[in-house]
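Structure, as structure tokens:
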Amino acid sequence: MREIPAYIITLVILTIISCSSPPQKITFQKQHYYYSNLEGSNTIEGNHIYASSIQKDTIFFEEEASKIIQSISKSWIIGQGSGKPYFDTGKEKYWFIFKVLKEQNAIIITLNENEINQKLPFVFWKQGTFPVHFSDSLRGSWGFSKIIFDQTDNTFKTHLFECDTNVVNLYLASSKNLNRWNIKHLLNPLDFEDIPWNVANANGKMMVTPLISDVVFSDNKYYSFAYGDDAYEKTYIGLLTSNKLEGPYQIIREAILSPNPESKYSNHDVYYPKVIKVDNEWLMFYTAKNDKNEEFICYASSKDLMHWKVQKENIIPRNRGWNKGMQNQITAQVKIKNDTIWLWATGIKEVGDFDNLNKGNVLDQCIGKFYSPKDSIHFTESEGNPTFGGAPNYLEENDHTGGSFQELYHDGYNYTFYHGKGRKGKDYTILIR
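Here it is as structure tokens:
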């Protein structure tokens, strides 16, 4: 009898092990932003939510959706998508919930001009407070850095900049109460004409300043962390220092963090730094991009805010749902509480295609939370992710929210600053909830 080759035996054993492995148990999670599947977990694609029947303004669901119906209230919205890739976030059409009928596993909606399609899945969205504009004087597309409280004049301040435009300048916004902001021009592109990490365009014209993503106050000095492109269109992290946020600024000529050609994560760009102090050390969380256009959050450390050493790349886990996509991963916010580092990261999911459309989860960018012990950087995803994103019923954010994001508590109120993008326009608007 001929002997069976060893590699065939190995394949058979591996197949048996693979087939006999129990399926991964998915725990139902209380969601803060949306429900997209019957499992109640946005870390997977899951089974989509369908209606069992629709009677005028009342939508009935199967028993499998009962946990979701028990978890929602009138403050939620129910939506449907278009059934087309890139235009199927589950919020292209939406209806307000008039009443939740928990015993009947149903909801009563407020009818509008949108037609309900029982063949398409539903997504439930948590309705946030109505947003207001950061400033009605801003026109076009804008982003902001970090809002910091200046104790010398008891004023909140942040950098502003044009976003996704051909010309970019830096501005300083100031406010006594976080509601009314005064905006002044700060720096223009020519202020950076001799800086190798923020160079002129292909026509030799200085058109943009670097973008500032974070500010730290230490030893009576402000450190403004920024990023810009060199002559080869690779992105670097740079630094501006000043005694006052109003200036004058010293622009550090050499970048403080550069792409690493030997790294599979950061061989093209490093950008969007966020900095916190942990004990006697500063940590910078930033995004690295490789030549495949894939993005990863990484971290570096420093003792003096000037000299940085990369410690680890690709530190935020990706799941099989809301942040499975390999683009648009940046640190929106980072805080330390007791002995835990909390990091808010943006993410997107894989879209799928016309034949196999992922229409249960949103396709656009949103924000989720991760946490790590401060002494050993190892991040775990928080339950109920994602926690923040564009609302279906607000025109200036019903496409998605960007990475500019900050939560503040002041005078008895919780403030969320963010910038949103609507489906009908190309501009980002700075909003406050």
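First residue of the sequence shown: 977, per our numbering; consecutive thereafter. For each residue, glycine too, the CB sits at the ideal point set by N, CA and C.
| query | result |
| --- | --- |
| Smallest Cα separation from GLN1341: which of SER1380, TRP1318 and ILE1317? | SER1380 |
| Count the other CB atoms, across all protein chains shown, that sit within 10 Å of the CB of PRO998; report buried if there are 16 or more and exposed otherwise. | Low local confidence applies: a pLDDT of 49 at PRO998 is under 50, so the model's placement there is unreliable, with the coordinate-based value given in what follows. Exposed, by the Cβ-count rule. |
| Pull the bridge partners of PRO1249 from the DSSP assignment, please. | In DSSP, PRO1249 forms no bridge with anything. |
| Using DSSP's beta-bridge definition, name the partner residues of ILE1343. | THR1322 and PHE1364 |
| In three-state terms, what does DSSP make of LYS1043? | helix |
| Please report the Cβ distance between GLN1305 and PHE1272, rounded to the nearest whole angstrom; I am assuming they are in contact, meaning their Cβ atoms lie under 8 Å. | 6 Å |
| Given 8 Å as the limit, is there contact between the stretch 1385-1396 and the stretch 1345-1355, that is, 3 or more CB pairs closer than that? | no |
| Who does TRP1101 pair with in a DSSP beta bridge? | TYR1010 and ILE1053 |
| Please return the same chain residues whose Cβ sits closer than 7 Å to the Cβ of ARG1409, not counting the five positions on each side in sequence. | GLY1104, THR1105, PRO1107 and THR1392 |
| At which residues does the beta strand (DSSP E) containing MET1260 begin and terminate? | 1257-1265 |
| Classify GLY1401: buried if its beta carbon has 16 or more other beta carbons within 10 angstroms, exposed otherwise. | exposed |
| Look at the Cβ atom of VAL1251, then the Cβ atom of ASP1195, and state whether they are nearer than 9 Å. | no |
| Out of curiosity, what's the CA-to-CA distance linking ASP1140 and TYR1241? | 24 Å |
| Grouping DSSP H, G and I as helix and E and B as strand, with all else coil, what is LYS1335? | Because the pLDDT of LYS1335 is 49, which lies under 50, any placement of that residue in the model is unreliable, and the number read from its coordinates should be weighed accordingly. LYS1335 falls in the coil class under three-state DSSP. |
| Check whether the stretch 1173-1181 and the stretch 1204-1211 are in contact - that is, three or more C-beta pairs closer than 8 Å. | yes |
| If you draw a straight line from the C-alpha of ARG1296 to the C-alpha of LYS1220, how long is it? | 45 Å |
| Could you work out which residue in PHE1120, ILE1025 and ILE1213 is closest to TYR1404 when comparing CA atoms only? | PHE1120 |
| Which residue spans inside the stretch 1187-1239 form an unbroken beta strand (DSSP E) run of at least 3? | 1187-1194, 1197-1205 and 1211-1218 |
| List the whole-angstrom C-beta distance separating TYR1132 from TYR1147, where the pair is believed to meet the contact cut-off of C-beta under 8 Å. | Note that residue 1132 corresponds to Phe in the displayed sequence, not to Tyr. Wrong, their Cβ atoms sit about 15 Å apart, outside the cutoff. |
| Using only alpha-carbon positions, find the residue among TYR1199, SER1234 and ILE1292 that is nearest to TYR1225. | TYR1199 |
| Note down, in chain order, each residue of its chain lying with its Cβ closer than 7 Å to the Cβ of VAL1192, except the 5 sequence neighbours on either side. | TYR1199, VAL1251 and LEU1281 |
| Checking 9 Å against the spacing of the C-beta atoms, do PRO1186 and LYS1210 come in under that value? | no |
| If you draw a straight line from the C-alpha of PHE1299 to the C-alpha of ILE1292, how long is it? | Strictly speaking, residue 1299 in this sequence is Asn, with Phe absent from that position. Taking the straight line joining both Cα atoms gives about 10 Å. |
| So, at 6 Å on beta carbons, what are the nonlocal neighbours of GLY1360 in its own chain, with the 5 sequence-adjacent residues on each side left out? | GLN1005, LYS1006, GLN1007 and HIS1008 |
| What does the Cβ neighbour count give for PHE1125, buried or exposed, with the cut at 16 atoms within 10 Å? | exposed |
| If we ignore side chains and look at the alpha-carbon of each, how far apart do ILE1084 and MET1302 end up? | 38 Å |
| What three-state label does DSSP hand LEU1166 in the structure shown? | helix |
| For LYS1265, which residues from the same chain have a beta carbon less than 6 Å from its beta carbon, with the 5 sequence-adjacent residues on both sides left out? | HIS1244, ASP1245 and GLU1271 |
| Decide if GLN1127 is buried, meaning its Cβ has at least 16 other Cβ atoms within 10 Å, or exposed. | exposed |
| LYS1078: which of GLU1089, SER1042 and ASN1093 sits nearest, CA to CA? | SER1042 |
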